[in-house]
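Read through the structure below, which is laid out as structure tokens, and then see the notes.
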Amino acid sequence: MAPHRKCIPFLLVLILSAGVLALAACGGDATPVVVEVEKVVERTVVVERTVEVEKVVVATPTPEPPAGPPIKVGVLYGLSSIAAVYTQGAVKGHNLAVSEINAAGGVLGRPIELVVRETNLSPVVAVREAQSLVLQEDVDFLLGTISSGVAQAVSEFAKENEIIFIDAIAQASTTTAEQGHRYVFRSSSDTTIVGRAVATVMAERPETKYVTIGPDYAFGHDAVNDFMNKLKELKPDVEVVAELWPPLLNPDYTPFITAILEEDPEVVYSSQWGGDQINFIKQAIPFGFFDQTTLVTYNMDLDVLRAMGGELPAGIVAGSGFPWYSLDTPEAQKFVTSYFNATGDQPLIGAMQGYNATYFLAEAIEKAGTTETEAVVDALEGLIIDTPTGRTTMRAFDHQADPMVWVGNSIQSEDFPFPILVDLVAVPGSEVILSVDEVKSRRAGQ
């Protein structure tokens, strides 16, 4: 696959910011701005773009405002600790989608209403809040979660209570494979899609001696196993000399860093995420870690890139679910612009994932013509929607979506005030998703 090497410079964000501030200063309406690309000039790694922003007024019929009782949707997230870099943006993404949908007349002429609850990354708390949402708030559907342990607990609750749950962020493949059922769906990628995408890139490199490290729970194990299984299939001479499993929310990685360096690996594959990933990288720097080995990480989107800032070492190989700074599709540009207009911030991957989950649900309800659970399940199965990262299908068999994934290398950018991934290789999720036969086999082997 040929590398994808296009970037939207931070000029876009600066111009958008200036436009919004100017409107506010003049007392004008905060009319959404429209971004038009005028010129593309190839360079070695990025593409410079000349961007003009102007207000465009189009005479279109005003949609009828939604009426009737709201369609209530429960949203469950760990909103603090290591998850905050993803989930705070995710809630904004859900809200943006709901604002757009309601402004366009709602769904079936009814408004969508979100009820957000904190899970504290605890399966017990998540199930308690799910029960409260269903029994006390009378929600019709459940969305969200970030920890796969939480997602799987909520999924079991959804199964027992026959209520639809769309997992927006948590990615352990077991959730929709071995533990899949009629009422659970996932609108984001899973550990198989991302792990195999990264493995296809690493299989082309010469390194064979690996150490793996990941959080000691469902996601961490699935992410390591899905990557290594594919890598060994493509490159049989790969050797894993050590596997390390720190607990989630681990504060001190010193023992793990020293254990890794003692093994002298060529590559360290990590499924750390969020605050744990940031802490691991920061704590590894003083050991000269990045001069001695190559770090390959399951994912590194703007949530982590921006938090690391100038401290992020160059040369980390990472998966990415939404490198918006390198996407020039109309869907990506529309989302980036709309999100900035709504929040004044750059979109993080959690924002895109929350946005997508909401649209999958809304379009399924519209297609079903009702909020009745069984009809919406049927409508979700095989549903195809256009997302900021491209057209995505919710596979009917196992309810797993197939979004695009990118793999690139970290650098300190001259065009952005945060590090980015370059030399991006785009891998369609449909090419690396578990096959239906593989899902059947995994379910049969339980």
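First residue of the sequence shown: -11, per my numbering; consecutive thereafter.
Each residue gets a CB set at the ideal place from its N, CA and C atoms; glycine is no exception.
Quantities reported herein were computed from a predicted structural model and do not represent experimental measurements.
Item                                                                                                           : Value
Residue of Val393, Leu349, Glu354, Asp374 minimising C-alpha distance to histidine 387                         : Leu349
Spatial distance of asparagine 397 from glutamate 150 (CA atoms)                                               : 43 Å
Identity of the residue in Pro391, Pro407, Phe406, Glu125 nearest proline 416 by Cα                            : Pro391
Backbone CA spacing between alanine 91 and isoleucine 59 [nearest angstrom]                                    : 15 Å
Bridge partner(s) assigned by DSSP for serine 258                                                              : Ile201, Thr285
Euclidean distance between Cα positions of proline -9 and isoleucine 304                                       : Low local confidence applies: a pLDDT of 41 at proline -9 is under 50, so the model's placement there is unreliable, with the coordinate-based value given in what follows. Whole-angstrom Cα-Cα distance: 16 Å.
Proximity to alanine 211 [Cα-Cα], best of Trp233, Pro243, Asn108                                               : Trp233
Buried versus exposed call for glycine 357 [16 or more other C-beta atoms within 10 Å across all chains shown] : exposed
DSSP bridge partner residues for threonine 381 (one or two, in chain order)                                    : Ile372
Arginine 116 - containing beta strand (DSSP E), residue span                                                   : Here arginine 116 belongs to no beta strand (DSSP E); instead the alpha helix (DSSP H) covers 111 to 123.
Cβ contact (3+ pairs, closer than 8 Å) linking the region 281 to 300 and the region 245 to 264                 : yes
Residues that DSSP places opposite lysine 60 in a beta bridge                                                  : Glu101
Cβ-Cβ distance between valine 86 and tyrosine 65 below 9 Å                                                     : no
Between the CA atoms of isoleucine 201 and valine 113 - distance to the nearest angstrom                       : 27 Å
Short Cβ contact (9 Å threshold) for glutamate 117 with glutamate 106                                          : yes
DSSP state of asparagine 397 mapped onto helix, strand, coil                                                   : strand
Cβ separation of alanine 71 and leucine 130, assumed to be a contact under 8 Å, to the nearest whole Å         : Not quite, the Cβ-Cβ distance comes to about 17 Å (not below 8 Å), so this is no contact.
Straight-line gap, threonine 242 to methionine 296 (C-alpha atoms, nearest Å)                                  : 19 Å
Cβ shell of isoleucine 157 (< 7 Å), same chain only, five flanking positions each side left out                : Tyr74, Ala78, Thr133, Ile134, Ser176, Gly338, Gln341
Buried or exposed by the 16-neighbour rule on C-beta atoms within 10 Å, applied to threonine 19                : Because the pLDDT of threonine 19 is 31, which lies under 50, any placement of that residue in the model is unreliable, and the question is left without a value.
Tyrosine 205 versus glycine 56: straight-line alpha-carbon distance, rounded                                   : 43 Å
Rounded separation between arginine 379 and lysine 147 - CA only                                               : 28 Å
Selection from Leu84, Lys197, Leu67 that minimises the alpha carbon distance to tyrosine 327                   : Leu84
Euclidean distance between Cα positions of phenylalanine 275 and phenylalanine 406                             : 23 Å
Alanine 345 and leucine 368 closer than 9 Å at C-beta                                                          : no
Segment contact, 8 Å Cβ cut-off, at least three pairs: the region 163 to 178 with the region 236 to 250        : no
Nearest-angstrom Cα separation, counted from aspartate 366 out to lysine 428                                   : 20 Å
Helix, strand or coil at arginine 174 according to DSSP, with G and I counted as helix                         : strand
Inter-residue Cα distance where the pair is valine 182 and phenylalanine 215                                   : 8 Å
Limits of the beta strand (DSSP E) - the one that aspartate 155 falls within                                   : 153 to 155
Separation of threonine 377 from proline 318, as counted between CA atoms                                      : 10 Å
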